[in-house]
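A short write-up of the structure that comes next.
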Amino acid sequence: MNNFKIDFSKANQVPRMLDAKEWEAAVNSMDFVFQPIVNIRSGSCIGFEALLREYEKADFHSIDTVFNTAYSQDVLTEATILLLDKTIEKYAASGCAAYAKLFVNFDSRILPDIKCFMIALDEMLKRHDVLPSSVVLEISEKFEITYNHAVSSAFASLKNKGLKIALDDYGTRFSGPQLLYSTDPQYIKIDRFFISGINADVKKKLFATNLVNTAHMLGIFTVAEGVETVEEFYICKELGFDMAQGHLVQSPGGFSLGNRHNYPYIEELNRRDKRAYGSDNRLIFSLMEHINPVRLFSWNPSSGDVLSIFSAFRENKDLRFIPVVNEEDGPMGMVHESKIKDYIYSAYGMSLLKNKGTNMAEFITPCPVAEISTSVDSILESFSLADGAEGVLITKEGKYAGFLCAKSLLRIMYEKNIAIARDQNPLSKLPGNSIINEFITKAVDTSGNSYIFAYFDFNNFKPFNDHHGFRKGDKAILIFADILRELQAENALTGHVGGDDFFAGFRDDMPCFTKAIELIKSAIAKFARQVADLYTPEERAKEFITSKDREGNVKLFPLLTVSAAVLNIPRGERIYTMEDISFILADLKKTAKQAENGLAIATLGNTPMANAEAEVKSSPKQTPETFGKECTGQ
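The working numbering numbers the first residue of the sequence shown as 3 and each following residue consecutively.
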């Protein structure tokens, strides 16, 4: 039990439900459960959020009712301290404090009484032998904060004690951006509203993407709250979230249920996601440099930290900056030589800083942060948005791994552009097989999205080439390439496989399935209209040409058209292979060439292709009897 004897006498000054004894009894009857927060890429436990339960025993209808009642009776600080003491006592006894942080909700209405709160918190942390840096105060947007010097000082005092700050339920209430700007938090927890169904909601993805990028640009970790499905998990991971919390990881419970370092199910989901280290990440590995960081103990930034920073700069005159990490090797930012050079090169620099009682955190500049499995494009975007940044701090499972300087980032951009140019088809200038295969591989390895593949193939292209020559054949290819470029405006990936074979790929945050099919049909129809201009008026009138087939027989061939084999891959667990997909696509291409509208569509089921029948939609092609027969003198 807690040792606090809080004076509730001032509760008698306002109309109230409970007297002082009833308040203490109410707090004693309540309890806490804990829900883990894990690294989204490894399943390792980062911390536990304490959630108030059993408030019904004190005749409260909800958690909000508990704190609103305390606030209305002017005992919010006292009630919060009693509840927090119960939480920390339970956390300390669990053994989790050695490896996981404690996330606790902090009512912003306490800010005017922050000194009283801090004195009590400091005492209970010492009594339970818990470091301040192990505690994360979750500040929500539930109540509007009037920003002034007193509020800024309150937030500063919390951080100066070594406590971490998280913005809770971000994006749902009052003045989120202003709260982000003013509190300089270490974590942002994105509200469940934006996570629920994010795999099928383009607007939610856009919001989350921008917020994650902004947070990483400021060196802030992001938590996806309320992750309940595998599809939501994979999308959150793809968007760059650092951590996940929700029923998919584990439902709230006691520490007996959650006292573990790793969560095997999350580890298994990451094993299934084979995209962890692709060509982008190999490029990052090769160019990343490991600058030895300085560790800053956030709960007690001492002169030892100052000395280590001084020594690092003095020993290496070429250093312009040094990465700073916290006690858990998480990146905090950079210390620039220019900020402290007056002290470094002064005979009394160290003494001056000591006498000033300077907190070294004052010299830390935020720096963009990216997980090593993040795509190069996302890293480059974070860097480009961070004004004056020297580069990007790279983490592996949330811990500092190295640094990409501006020069390395430019090199990465150059290498990517070279790779794209090398892969481009020389005639159409569309992406080639490497990028197409990367898209397909990602689709096969990613269960959180649905995908659509469309393979296009010209009909009667060889007879056309033989009859009109390769120059007109190239014109036909360029006509279709331009038509496919129009699909890029709809966020499709378009590519040129080679010859008269093309590809278009759609993902579920691009056009929906019905819209994608309409776009494919439109491309087929546009090509038929535009390519007709390559024929003579007589050939257009007859709607056929005379040419030789592959055996050298003279035959009649219809005008050029294009067929499309379309494969729809719904979201869900991938239990089929690239070989399965190649098999069904080969069949689809044959079916498409025989279809009247030049289109064949199949949807993969949730069983292996070897035992599944694809749903194929096509119409038999109706052609003149003379087409494909030997010419008899017409």
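Ideal Cβ positions, reconstructed from N, Cα and C, are used throughout, including at glycine.
Counting C-beta neighbours from all protein chains within 10 Å, is the total for residue 117 16 or more, i.e. buried, or is it exposed?
exposed
Rounded Cβ spacing between residue 521 and residue 507 (contact assumed at less than 8 angstroms):
Residue 521 to residue 507, Cβ: 12 angstroms. No contact.
With a threshold of 8 angstroms between beta carbons, is residue 159 in contact with chain B?
Looking for chain B here will not work: only one protein chain is present.
Since I believe residue 246 is in contact with residue 217 (beta carbons under 8 angstroms), could you give me their beta-carbon distance rounded to a whole number of angstroms?
Not really, about 15 angstroms apart at Cβ, beyond 8 angstroms.
Reduced DSSP secondary structure (H/G/I, E/B, other) of residue 586:
helix
What did DSSP end up calling residue 70 once you bin it into helix, strand or coil?
helix
Relative to the alpha-carbon of residue 104, which residue among 144, 559, 166, 581 has its alpha-carbon at the smallest distance?
166
C-alpha distance - residue 421 paired with residue 470, whole-angstrom precision:
35 angstroms
Whole angstroms are fine: how far does the CA of residue 455 sit from the CA of residue 613?
The predicted model places residue 613 with a pLDDT of 33, which falls under 50 and marks its position as unreliable; any figure quoted below should be read in that light. Rounded to the nearest angstrom, the two C-alpha atoms are 21 angstroms apart.
Element boundaries [beta strand (DSSP E), containing residue 394]:
393-398
Taking the alpha carbon of residue 502 as the point to measure from, which residue in 429, 174, 93, 219 has its own alpha carbon closest?
429
Starting from the N-terminal side, write out each stretch of the beta strand (DSSP E) that is 3 residues or longer and does not extend beyond the region 35-97.
47-55
Tell me the residue span of the beta strand (DSSP E) that contains residue 189.
Per DSSP, residue 189 belongs to the beta strand (DSSP E) from 189-192.
Through-space distance from residue 221 to residue 179, alpha-carbon basis
15 angstroms
When we look at the beta-carbon of residue 239 and count the other beta-carbons within 10 Å, is it buried (16 or more) or exposed?
buried
By DSSP's criteria, residue 103 is part of a beta bridge. Which residues make up the other side?
49
So if DSSP puts residue 297 in a beta bridge, which residue, or which two residues, is it bridged to?
327
Got a sec? Which residues, its chain only, sit under 6 angstroms from residue 208 by beta carbon, not counting five neighbours each side?
none
Taking the alpha carbon of residue 600 as the reference point, which residue from 555, 537, 127, 524 has its own alpha carbon closest?
524
Could you tell me the distance, in whole angstroms, from the CA atom of residue 77 to the CA atom of residue 29?
Note on geometry: alpha-carbon atoms of residue 77 and residue 29 lie some 12 angstroms from one another.
Measuring alpha carbon to alpha carbon, tell me which of 467, 483, 437, 287 ends up nearest residue 396.
287
From the DSSP output, read off the bridge partner residues of residue 248.
Answer is none; residue 248 lacks a bridge partner.
Okay, do the region 104-113 and the region 128-147 touch, 3+ Cβ pairs below 8 angstroms being the bar?
In short, these stretches touch, since the Cβ pair count reaches three.
Restricting to Cα atoms, I'd like to know which of 472, 477, 505 is closest to residue 487.
505
Would you check if the region 185-192 and the region 153-170 touch, i.e. whether three or more CB-CB distances between them fall below 8 angstroms?
Short answer: they touch.
Residue 137, DSSP secondary structure in three states:
strand
Can you tell which of 33, 196, 557 has the C-alpha that lies nearest to the C-alpha of residue 468?
557
Spatial neighbours of residue 518 within its chain, please: CB distance less than 7 angstroms, with the 5 preceding and 5 following residues excluded, ordered by chain position.
454, 508
Short check: CB of residue 251 to CB of residue 268, under 8 angstroms?
Against a cut-off of 8 angstroms, the Cβ pair of residue 268 and residue 251 comes out as a contact.
For the 8 angstroms Cβ check, are there 3 or more pairs between the region 398-410 and the region 365-381?
yes
Kindly list the residues whose CB is nearer than 7 angstroms to the CB of residue 544, restricted to its own chain and excluding five residues on each side of it in sequence; keep chain order.
none
In whole angstroms, what is the alpha-carbon distance linking residue 87 and residue 73?
Annotation: residue 87 to residue 73 spans about 18 angstroms, alpha carbon to alpha carbon.
Is the beta carbon of residue 53 closer than 8 angstroms to that of residue 254?
yes
Throw me the rounded Cβ distance for the residue 447 and residue 437 pair, which I believe falls under 8 angstroms.
The pair is not a contact, with the Cβ atoms about 16 angstroms apart (cut-off 8 angstroms).
On the DSSP letters alone, give me the boundaries of the alpha helix (DSSP H) that residue 183 sits inside.
Start and end: 178-185.
Residue 605 bridges to which residues according to DSSP?
570
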